[in-house]
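Residues in the sequence shown are numbered consecutively from 3, following the numbering used here. Cβ coordinates follow ideal geometry from the N, Cα and C atoms, glycine included. These numbers were taken from a predicted model, which means no experiment stands behind them.
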Amino acid sequence: MPPRQKKQAKPEDMKSILWKSADKLRGSLDAAEYKHFVLGLVFLKYVSDAMEEKRERLEEELRGGSMLAEMGLEGAASEELILKTVEDPLQYTGAGIFYVPPTARWNEVLKRAKVSTTGPSVGEVIDSAMATVESFNRPLKDTLPKIYNSGRVDEPTLAELVRLLDQLTFQSQISLDGKRVGARDLMGEVYEYFLAQFALAEGRKGGEYFTPPSVVRLLVEMLEPRERERVLDPACGSGGMFVQAEKFVETHGGNRFNVSVYGQERNQTTWRLAKMNLAIHGIEVDLGEEPADSFRNDQHGDVKADVVLANPPFNISDWGGELLDGDERWKYGRPPVGNANFAWIQHMVSKLAAGGRAGIVLANGSMSSKSGGEGDIRRAMIEDDLVACMVALPGQLFRSTQIPACLWFLTEGKGKRPARSPWVSAERTGQVLFIDGRELGFMATRTMRELSEAELGRIAGTFRSWRGVEGEPAYEDVPGFCRSVPLDELGEHDFVLTPGRYVGAVEVADDPDAEPVEAKIARLTALLREQFAESERLAKVVDEQLGRL
């Protein structure tokens, strides 16, 4: 049977289709639930479209090639071989495409959504399709949602949702930025867009699985992951850090498949979101055997990473610190039971390989707090020359919190490994770079700020220059923006790491035509006296008018 022909949805229309799909579920489910309903169906549509595209190419190659003739096959025998070949799962999984058995394909779900019949419900058909796709594709084990027959969404609404999502077409076409992309790249764009929109709709809760793209970009641009390195995120959410890290490797001439990726996430639904997201992007990742807490059930106990990056939850108090007294990870001091910030930092430091580096998003309080021994831990880390750079971020970057945030960049063995190519030049031993980015960014929406490409480049470029990267311009302090500070000066400030304390104020250029201060004071004093006199005159006029009344 020839493939069903349909008009391709333009990429710019896909956002509208996706958000209409969410509207179908409002009232039946809250935002935290309906993202799983919609994303699961979008994923099934994607894997079916991607496989169908590959299937058509295989069939064309077989019919147009000479293999069948050389084998002496024709007629029914020829058709039988073609069918056997195009239904061979290895033809797809070997090419990085998920294999979808005939009974689980989107057309079967759509057929049931269009016709009211006795037998399995739409929800049953979808749940069965999800389980079948998982069984044929090992990376998807325990990943896809099987919640469609729960009764939470009625049959007519679910059928209408399927028909709406049928307008999406995940086949090679022109992407949102005008480039030609395959089904996987297009689905990656759609998935990231949808995660961002759901995070916005969920507000604070959405921040548990989604970090703003410009913050992720900045972390990755400064950490510069490379081929043959191990990358770890112990609080990985939906996996956006890994997606950006592999994009960075690829855009800098490396092979993204030569990067080893490890992640951990304790929330089961978010863990599944991450597995689906990374499977869509073709990223092989070890997310552990199960969702688990990084502090009490480290899924990667023996892993030492070259790059560690994370946006852990800020200031969490119920992290189980009372159960971890004397833990070997607390090299710089026992973190307070009531705040996990310095537990996260020390956990990540414990995962660093020799010469490794880390980038961590934390609340601003981590730079100056002294409660519960945090000041002593920070001092010990600084004196061990672990801290490379501190970046103060502008406000309104995060949907999940209004707490001001900063970035910590740490490096193991700064200036101590001359035999290997160091991430930070030995010349920077005993120094910390401070960057004050509080005034950067632009309002992308009425309530949300983003960092521009130029600003990301400025911050990352400043850090590269400071680190001594070959080919970068020589580093220079810029008043009000950046300054390299020796450790003894940090000691004078009680080891507080707030950039604004060290970078100073922006220099204001002298204006040769500026008014002398004495003359300006005299002019303004005279003007103020004139205004006082005018005020007294007007008061008398008002008093006279009131007297007449």
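Distance between Ile99 and Leu275, taken at the CA atoms: about 19 Å.
Between Trp273 and Phe297, the C-beta gap is not smaller than 7 Å, which leaves the two residues out of contact. Arg65 has no beta-bridge partner at all, per DSSP. Look at Glu157 here: in three-state DSSP terms it is helix. Taking a contact as a CB-CB distance under 8 Å, the pair Gln169 and Ile19 counts as one, their CB atoms being some 5 Å apart.
Between the alpha carbons of Asp378 and Gly335 lies a gap of roughly 7 Å. For the 7 Å CB-CB criterion, Leu492 and Ile362 do not form a contact. The DSSP-derived three-state label of Phe436 is strand. Under DSSP, the beta-bridge partners assigned to Trp410 are Ile362 and Met392.
Its chain contains Ser262, Ala307 and Asp308 as the residues whose beta carbon lies nearer than 6 Å to that of Arg232, once the 5 sequence neighbours on both sides are disregarded; these appear in chain order. If you look at Gly125, you'll find it in the alpha helix (DSSP H) that goes Val124 to Phe138.
In the three-state reduction of the DSSP assignment, Val471 falls in the coil class. Inter-residue distance for Lys56 and Thr95 is about 11 Å (C-alpha atoms, whole angstroms).
With a threshold of 16 other beta carbon atoms within 10 Å, Ser537 falls short and is exposed.
One Cα belongs to Leu540, the other to Gln547, and the distance between them is close to 11 Å. The way I'd put it, the region 275 to 287 doesn't touch the region 325 to 332; fewer than three beta-carbon pairs between them come closer than 8 Å. With a minimum length of 3 residues, the unbroken runs of beta strand (DSSP E) contained wholly in the region 323 to 368 fall at 354 to 365. Classified as exposed, Phe259 has fewer than 16 neighbouring CB atoms from the shown chains inside 10 Å of its CB. Around Glu248, the same chain offers Arg258, Val261 and Ile285 as residues with beta carbons nearer than 7 Å, after the five sequence neighbours per side are excluded. Pairing Phe172 with Pro103, the inter-Cα distance amounts to about 18 Å. Rounded to whole angstroms, the gap between the alpha carbons of Leu163 and Phe138 is 26 Å. Taking the CA atoms as reference points, Pro337 sits about 37 Å from Tyr193. Judged by their CB atoms, Leu453 and Gly443 are nearer to each other than the 7 Å cut-off.
For Asp235, the enclosing beta strand (DSSP E) starts and ends at Arg232 to Asp235. By the neighbour-count criterion, in which a residue is buried when 16 or more other Cβ atoms sit within 10 angstroms of its Cβ, Glu226 is buried.
Between Leu234 and Val305, the beta carbon gap of about 6 Å places them in contact (Cβ cut-off 8 Å). Cβ neighbours of Arg451 within its own chain (closer than 8 Å, five residues either side excluded): Pro396, Gly397, Gln398, Leu399, Gly443, Phe444 and Met445. Of the residues Val251, His349 and Val310, the one whose Cα lies closest to the Cα of Leu326 is His349.
Here Ala524 carries a helix assignment [DSSP, helix/strand/coil]. Taken atom to atom, the span from the alpha-carbon of Arg268 to that of Gly241 is near 13 Å.
For Ser319, the three-state secondary structure derived from DSSP is coil. Spanning the alpha carbons of Ala390 and Leu489 requires a straight line of approximately 11 Å.
Ala237 has its alpha-carbon roughly 20 Å from the corresponding atom of Met369. Beta-bridge partners of Cys484 (DSSP): Ile437 and Val480.
Ranked by how close their Cα comes to the Cα of Tyr195, the residues Trp410, Val544, Trp21 and Asp545 have Trp21 in first place. For the pair Leu435 and Ser486, the CB atoms are nearer than the 7 Å cut-off.
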